[in-house]
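Visitor:
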Amino acid sequence: MLRIFNGVFFILIMGSGIASTSQFEKFTKLANEGDAESQFNLGVLYFDGIGTDVNYKEAFKWYSLAAEQGDADAQVNLGSMYVDGSGVPVDHIKAINWFTKAADQGDIDAQFNLGTLFRNGFSGAPKNNKLAFKWFKVAAENGHAEAQTNLGIIYEFGDGVEVDYQQSIKWYKLSAEQGLGKAQYNLGMIYNKGKGVDIDYYKGFHWMKLAAINGVSNAQYNLGIMYGAGSGTPASYVDAYVWFKIAELNGDQEAGSILVTLVKELGNEQIQIGQSKIKLILNEIKNQKL
Numbered sequence: 123m124l125r126i127f128n129g130v131f132f133i134l135i136m137g138s139g140i141a142s143t144s145q146f147e148k149f150t151k152l153a154n155e156g157d158a159e160s161q162f163n164l165g166v167l168y169f170d171g172i173g174t175d176v177n178y179k180e181a182f183k184w185y186s187l188a189a190e191q192g193d194a195d196a197q198v199n200l201g202s203m204y205v206d207g208s209g210v211p212v213d214h215i216k217a218i219n220w221f222t223k224a225a226d227q228g229d230i231d232a233q234f235n236l237g238t239l240f241r242n243g244f245s246g247a248p249k250n251n252k253l254a255f256k257w258f259k260v261a262a263e264n265g266h267a268e269a270q271t272n273l274g275i276i277y278e279f280g281d282g283v284e285v286d287y288q289q290s291i292k293w294y295k296l297s298a299e300q301g302l303g304k305a306q307y308n309l310g311m312i313y314n315k316g317k318g319v320d321i322d323y324y325k326g327f328h329w330m331k332l333a334a335i336n337g338v339s340n341a342q343y344n345l346g347i348m349y350g351a352g353s354g355t356p357a358s359y360v361d362a363y364v365w366f367k368i369a370e371l372n373g374d375q376e377a378g379s380i381l382v383t384l385v386k387e388l389g390n391e392q393i394q395i396g397q398s399k400i401k402l403i404l405n406e407i408k409n410q411k412l
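Just so we're aligned, residue 123 is where the sequence shown starts under this note's numbering, counting upward by one.
What follows is the structure, encoded as structure tokens:
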């Protein structure tokens, strides 16, 4: 949930230890003069221990001063500290207060955080599907990929609203096109199961593979199934082996069980080809995360 610094500031402070110390001194001077952006940046430095020791109390102090001046980034980070109990007692009411202030300024992370809090419930308070839907929708309409995925889930399963597969597909697709693996997987499953659309294994395979490359273990497992059955792609036991193995490496125990049987169907040469493919794909997955 924490909002870190903007891109320009990131480049400035990460160049070297000397640069970090220099920036710390600069932001300390400006923050003490009342500059809200510098107060926020100083809070980040204290929170992450850049140019100084990690100090959550100081981070909280400077975030608070910036937040009181209306800095939305500081309001988000202050709310997050109250949620996580970083340097302060957990207080979801205060977190909601600060997230709401930032959300009302159009901050999409704050809007998403509010949706998450109301969806999960907090401090003994029950879930509030109506408010969760409200804030996820606002964040989704403003382009927040995770909020779009959550809105797709709400519409797919009717969590507080009527089931609407077309709306579900709409929001999954918007999120998937931003590269979110979970949305890509969910969209693949929509096409594979024919929820609100005709079953289309080719589209299912397309989205499932993108999700698999994004590291989604369920997608990797399902890709193994699809290669084995020839669903949406030519059947290939070698490629099935590849994706089941990758899913197993990603913690999927069921994929490991299937591999025991599948390996018996493959020759040594096929396994070697598969292992070469696995290395290439694992590198692609690693690069995707960078």
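Every residue, glycine too, gets a C-beta built ideally from N, C-alpha and C.
Because the structure is a prediction, the values reported are computed rather than measured.
#1: Are the CB atoms of residue 184 and residue 152 within a distance shorter than 7 angstroms?
#2: How many Å lie between residue 143 and residue 157 at the Cα?
#3: From residue 325 to residue 192, what does the alpha carbon distance come to, in whole angstroms?
#4: I'd like to confirm the pairing. Which residues does DSSP put opposite residue 118 in its beta bridges?
#5: Within 10 angstroms of the Cβ of residue 242, are there 16 or more other Cβ atoms? Answer buried if so, exposed if not.
#6: Does the separation of the CB atoms of residue 237 and residue 258 fall below 7 angstroms?
#7: Which residue wins for smallest C-alpha separation from residue 277, given the options 396, 357, 289, 268?
#8: Specify whether the stretch 357-369 and the stretch 340-348 touch according to this definition: at least 3 beta carbon pairs, one from each stretch, less than 8 angstroms apart.
#9: Check this for me: beta carbons of residue 338 and residue 307, under 7 angstroms apart or not?
#10: Exposed or buried, residue 233, counting other C-beta atoms within 10 Å across all chains shown (16 or more means buried)?
#11: Which residues in the same chain as residue 333 place their Cβ atom closer than 7 angstroms to its Cβ, once the five residues preceding and following it in sequence are excluded?
#12: Could you tell me the distance, in whole angstroms, from the CA atom of residue 282 to the CA atom of residue 390?
#13: Buried or exposed, going by whether 16 or more other CB atoms sit within 10 Å of the CB of residue 160?
Guide: According to the structure shown:
#1: no
#2: 19 angstroms
#3: 45 angstroms
#4: Limits of the chain in this structure are 123 at one end and 412 at the other, which puts residue 118 out of reach.
#5: exposed
#6: yes
#7: 289
#8: yes
#9: yes
#10: buried
#11: 303, 306, 307, 310, 341
#12: 53 angstroms
#13: buried
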